[in-house]
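Q:
Protein chains in written order, with my numbering: chain A, -17 to 292; chain B, 6 to 311; chain C, 22 to 267.
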């Protein structure tokens, strides 16, 4: 029960903070927090696959990028909430198609195939003239909602926070559902799960589509926040980012990736201003977590709790 | 690309063939190392492309960006391969040894992290602007064989390819070392009981694989602009090759590499718009119709499930 | 009607025939043991009934329905539950979560992903844990259990499926004498209480003769004979197989 009270308190604090932030923060700070929120959602979607279902997808940028380009192409025509829904749907459909073929393999081979799918779309974005090639699509229109213009920083912040909040709520529901529980069982032992009467491939495909949809939502919000989409949204590093975030925070937990996203965005923000080789330091941090702290930062917390409890 | 084509239509179709085989050999050099390491250690090395990139940059640095005589270029490439292999030995000792006992997902993440580190090192030491290593003048000419004029560099690449394929087959099938490698790949615990130094076999195979990647990088250096993202673009190509060839099979890797080289060369000649997608097209087709790969024993990919 | 009817089953591995025209009938509510020397095809038979290994020829019928070509998970929904030779449980989940996972599978409603796991489901898994004497281990992770407890948990999970046919492949393999005795008692009490049809293989003849109602002897992918324990024990050809081949 204490955990429940704590959770309610944390939720209330998060809502109050989200409401107050535009009054307290500068435009640049608001943008930083928008990036954090978007990456939190993105990392959660990837962790559903890798951390919970044990599906090593290294091509999540495909869905992120498709969501982003959907917004980039249609922002002048469709109002934001509808367009974000459409971005999710498009990403989910793509995930369905990719998953149906790629899930014929598993493990390592699946990791290679998904990486290639992401890279194929990246290549396509460079070649298709309608997508603007290297320069991408600039001047994304944030439009308006119920006659309230979203061009302003505060108005867009509220939209972004609401979307991410709803997205997290939806992913939490999936996590706590029978489906979510069985995904974790399936990660532990696919064969056992099959002989408990589960169609393993269908469950994996389900997880892949859900993760794809929320990856698409994150991509769409990312495009609105930046007001420009470039092939960077599809680059392979973009597939690696959320995995690193999830790992930093803790892949076996639900909330870990959110903590990881905050840490990661903050650190890369600091490093990328210092050196073009920031990717080197990101790699070193990543490697540190793989070898020394594979259960992530949240595991430190729970170890301490266990110690003080016993 | 852009080479003087013959007068007749027939010759037009021969040229991509010549070119494609050369590209296929380069793909094989990179992908075979990946397959060797996977076959023995059961670790899929994302960072293999990083070693390739290192081979290319080291070649550039040793040649100081000058066009060298053919013999010197070959010497420099071999040196670059050895330097890369030395870097490989170091990472094997420091990093990979810790990854072997971890679950598959952790070793994927670990080598993925290493790939990021390589790209970072590339940016730090050589910058992000493309560098170009001029081709040796001796390798710019054509050699006429009957009705076909073959670029001498392609002919040289064929020779390297044959040497490597024959060498690997001999090493694995005929030598005492090969017997130890096969025993270790089949069952490392039993191999250790039989008195085989499994750690030494791992180190040797890893260095061999990385040496091939380094040589591959050195041989590609005169053909493309050198940028740090060579690491990832070539790892994806070699992934496609080993998936199509059947992970763990040297002959399958060779066949797939040649097929991809040819597919790419013909698309460049006939449908340039699709050329950049040749990898993905080939990979998609294989996944649809033969998920275990061309030469993979049925289920060789399925084996990787756990 | 027989619960399980296997007829003329052939399974080929290359040129080898692991099963070579095997036929077998198991009555509903029976506790049947299948014995035979190594390589007789017992494990293949189990894998084929469960759907893991495809049959090259022949039929497998469950309660009169032909399931020969069914996918494994569909067979489970039809009532075939399976325990493996080396117990397969979910190592990183707790004992409680293992049982819960099996219950969610049984509901088939597990596909629902917009509702959370309900209190009623938790209550049912607690009850199941108490019934199989696993309550004191509920919070332990699967990987920390002893062989005997693993088997107990695996059987508990199979029971959540409300199966009609339980396949037990070497249930006491690798167990200490004490664990073996406990497992035998568990299987017997379970069978007496639920009258579920059980098919088991076992190397330990004392287990076989203390549990089975009837025994089927296999040799080289075929059935040599089927009969009550005393009957089988008295047969010359059965002794020969075991003595002649060790």
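Quick reminder that beta carbons are idealized off the backbone N, C-alpha and C, glycines included.
Tell me residue 37 of chain C's beta-bridge partners as DSSP assigns them.
A: Locating residue 37 of chain C in the third chain gives position 16, where the first residue counts as 1. Paired residues: C:34.
Q: From the DSSP output, in three-state form, read off residue 194 of chain C for me.
A: Here residue 194 of chain C corresponds to residue number 173 of the third chain, with the count starting at 1. In the structure shown, residue 194 of chain C sits in coil (DSSP, three-state: anything other than H, G, I, E or B).
Q: Please classify residue 331 of chain B: is it buried, with 16 or more other beta-carbons within 10 angstroms of its beta-carbon, or exposed?
A: This structure gives no information on residue 331 of chain B, because the portion of chain B shown stretches from 6 to 311.
Q: Quick check: is the beta carbon of residue -11 of chain A nearer than 7 Å to any beta carbon in chain C?
A: The sequence position of residue -11 of chain A within the first chain is 7, counting from 1. For residue -11 of chain A, the answer is no, since every Cβ of chain C falls outside 7 Å of its Cβ.
Q: Using a Cβ cut-off of 7 Å, which residues of the segment 107 to 119 of chain B contact any Cβ in chain A, in chain order?
A: 109, 110, 111, 113, 114, 115, 117, 118 and 119
Q: Less than 7 Å between the beta carbons of residue 179 of chain A and residue 94 of chain C, yes or no?
A: As a first step, residue 179 of chain A must be located in the first chain, where it is residue number 197. As a first step, residue 94 of chain C must be located in the third chain, where it is residue number 73. Yes. Within cutoff.
Q: Counting only beta-carbon atoms, is residue 94 of chain C nearer than 7 Å to chain A?
A: One-based indexing of the third chain puts residue 94 of chain C at position 73. Yes - at least one Cβ of chain A is within 7 Å of the one on residue 94 of chain C.
Q: So, residue 39 of chain C versus residue 72 of chain C, is the Cβ gap smaller than 7 Å?
A: As a first step, residue 39 of chain C must be located in the third chain, where it is residue number 18. As a first step, residue 72 of chain C must be located in the third chain, where it is residue number 51. Cβ distance not < 7 Å, so residue 39 of chain C and residue 72 of chain C don't count as in contact.
Q: Identify whether residue 257 of chain C lies in helix, strand or coil by the three-state DSSP scheme.
A: On the third chain, residue 257 of chain C is found 236 positions in, with the first residue counted as 1. In this structure, residue 257 of chain C counts as helix in the three-state DSSP scheme.
Q: Considering only C-alpha positions, which residue in the set A:46, A:82 and A:182 is nearest to residue 97 of chain C?
A: Residue 97 of chain C sits at position 76 when you count from the first residue of the third chain. Between residue 97 of chain C and the set A:46, A:82 and A:182, the nearest pair of CA atoms involves A:182.
Q: Ignore the nearest five residues each way along the sequence and tell me which others in residue 189 of chain C's own chain have a CB closer than 6 Å to its CB.
A: Start at 1 with the first residue of the third chain, and residue 189 of chain C comes out as number 168. So the qualifying residues of the chain are 104 and 221.
Q: Helix, strand or coil for residue 112 of chain B per DSSP?
A: As a position in the second chain, residue 112 of chain B is number 107, starting the count at 1. Residue 112 of chain B falls in the helix class under three-state DSSP.
Q: With distances taken between CB atoms, is the gap from residue 148 of chain B to residue 157 of chain B smaller than 7 Å?
A: Here residue 148 of chain B is taken as the residue at index 143 of the second chain, counted from 1. Here residue 157 of chain B is taken as the residue at index 152 of the second chain, counted from 1. Yes; because the gap between Cβ atoms is below 7 Å, this pair is in contact.
Q: List the residues of chain A whose Cβ lies closer than 9 Å to the Cβ of residue 98 of chain C, in chain order.
A: Working through the third chain from its first residue, we reach residue 98 of chain C at position 77. Neighbours of residue 98 of chain C on chain A, chain order: 179.
Q: Could you tell me which of B:258, B:202 and B:152 sits nearest to residue 174 of chain B, measuring between CA atoms?
A: Stepping through the second chain from its first residue, residue 174 of chain B is reached at position 169. Comparing Cα positions, the closest option is B:258.
Q: So that I know if they touch, is there some Cβ in chain C lying closer than 7 Å to that of residue 28 of chain A?
A: What you label residue 28 of chain A is simply residue 46 of the first chain in a count that begins at 1. Judged by the 7 Å Cβ criterion, residue 28 of chain A is not in contact with chain C.
Q: Strictly below 8 Å CB to CB, what residues from chain A border residue 97 of chain B?
A: Numbered from its first residue, the second chain carries residue 97 of chain B at position 92. Under the 8 Å cutoff, chain A gives no residues; its nearest Cβ is about 14 Å from residue 97 of chain B.
Q: In this structure, what does DSSP give as the bridge partners for residue 154 of chain B?
A: Taking the second chain and counting its residues from 1, one reaches residue 154 of chain B at position 149. In the DSSP output, where bridge partners are listed per residue, residue 154 of chain B has B:149.
Q: Where do the ends of the beta strand (DSSP E) carrying residue 223 of chain C lie?
A: Translated into positions along the third chain, residue 223 of chain C becomes position 202. From DSSP, residue 223 of chain C is part of no beta strand (DSSP E); its letter is neither H nor E.
Q: Taking residue 210 of chain A as the reference, give the member of A:225, A:105, A:50 and A:26 with the closest Cα.
A: The count along the first chain starts at 1 and reaches residue 210 of chain A at position 228. Among A:225, A:105, A:50 and A:26, the Cα nearest to that of residue 210 of chain A is on A:50.
Q: Look up residue 43 of chain C in the DSSP assignment and give the residues it is bridged to.
A: Residue 43 of chain C sits at position 22 when you count from the first residue of the third chain. Paired residues: C:30.
Q: Scan the segment 189 to 218 of chain B and note each continuous alpha helix (DSSP H) run of 4 residues or more that stays entirely inside, going in chain order.
A: 193 to 198
Q: Output yes or no for whether 7 Å exceeds the beta carbon distance between residue 95 of chain A and residue 76 of chain A.
A: One-based indexing of the first chain puts residue 95 of chain A at position 113. One-based indexing of the first chain puts residue 76 of chain A at position 94. No.
Q: In three-state terms, what does DSSP make of residue 89 of chain C?
A: Mapped onto the third chain, residue 89 of chain C falls at position 68. If DSSP states are grouped into helix, strand and coil, residue 89 of chain C belongs with coil.
Q: Would you mind stating whether residue 67 of chain B and residue 221 of chain B have Cβ atoms separated by less than 7 Å?
A: Here residue 67 of chain B corresponds to residue number 62 of the second chain, with the count starting at 1. Here residue 221 of chain B corresponds to residue number 216 of the second chain, with the count starting at 1. No, they are not a contact pair.
Q: DSSP on residue 239 of chain C, reduced to helix/strand/coil?
A: On the third chain, residue 239 of chain C is found 218 positions in, with the first residue counted as 1. Reduced to three states, the DSSP call for residue 239 of chain C is strand.
Q: Based on Cα-Cα distance, which residue from A:267, A:212 and A:280 lies nearest to residue 119 of chain B?
A: Your numbering for residue 119 of chain B matches position 114 in the second chain. Answer by Cα proximity: A:267.
Q: Please return the same chain residues whose Cβ sits closer than 7 Å to the Cβ of residue 225 of chain A, not counting the five positions on each side in sequence.
A: Taking the first chain and counting its residues from 1, one reaches residue 225 of chain A at position 243. 28 and 32, listed in sequence order.
Q: Is it right to say residue 216 of chain C is buried, meaning 16 or more other beta carbons lie within 10 angstroms of its own, or is it exposed?
A: Counted from its first residue, the third chain places residue 216 of chain C at position 195. The residue is exposed, with fewer than 16 neighbouring Cβ atoms inside 10 Å.
Q: Measure the Cβ-Cβ separation of residue 210 of chain B and residue 45 of chain B and say whether it is below 7 Å.
A: On the second chain, residue 210 of chain B is found 205 positions in, with the first residue counted as 1. On the second chain, residue 45 of chain B is found 40 positions in, with the first residue counted as 1. Against a cut-off of 7 Å, the Cβ pair of residue 45 of chain B and residue 210 of chain B comes out as a contact.
Q: Quick one: is residue 240 of chain A near chain B, going by C-beta distance under 7 Å?
A: Locating residue 240 of chain A in the first chain gives position 258, where the first residue counts as 1. So, not an interface residue.
Q: Helix, strand or coil for residue 48 of chain C per DSSP?
A: For the purposes of this step, residue 48 of chain C is taken as residue 27 along the third chain, with counting starting at 1. DSSP places residue 48 of chain C in the strand class (E or B) of the three-state scheme.
Q: Whose Cβ in chain A lies nearer than 7 Å to the Cβ of residue 146 of chain C?
A: On the third chain, position 125 is the one that residue 146 of chain C refers to. Correct list: empty, because the minimum Cβ distance to chain A is about 11 Å.
Q: Is it true that the segment 272 to 292 of chain B meets the segment 78 to 92 of chain A, where meeting means three or more beta-carbon pairs spaced less than 8 Å apart?
A: Output reads yes: the segment 78 to 92 of chain A touches the segment 272 to 292 of chain B.
Q: Just to confirm before moving on: does the CB-CB distance between residue 236 of chain A and residue 81 of chain A stay below 7 Å?
A: By one-based count along the first chain, residue 236 of chain A stands at place 254. By one-based count along the first chain, residue 81 of chain A stands at place 99. Taking 7 Å as the Cβ cut-off, residue 236 of chain A and residue 81 of chain A do not qualify as a contacting pair.
Q: Return yes when the Cβ of residue 106 of chain C is within less than 7 Å of the Cβ of residue 191 of chain C, no when it is not.
A: By 1-based counting over the third chain, the position of residue 191 of chain C is 170. By 1-based counting over the third chain, the position of residue 106 of chain C is 85. Contact flag set, yes.
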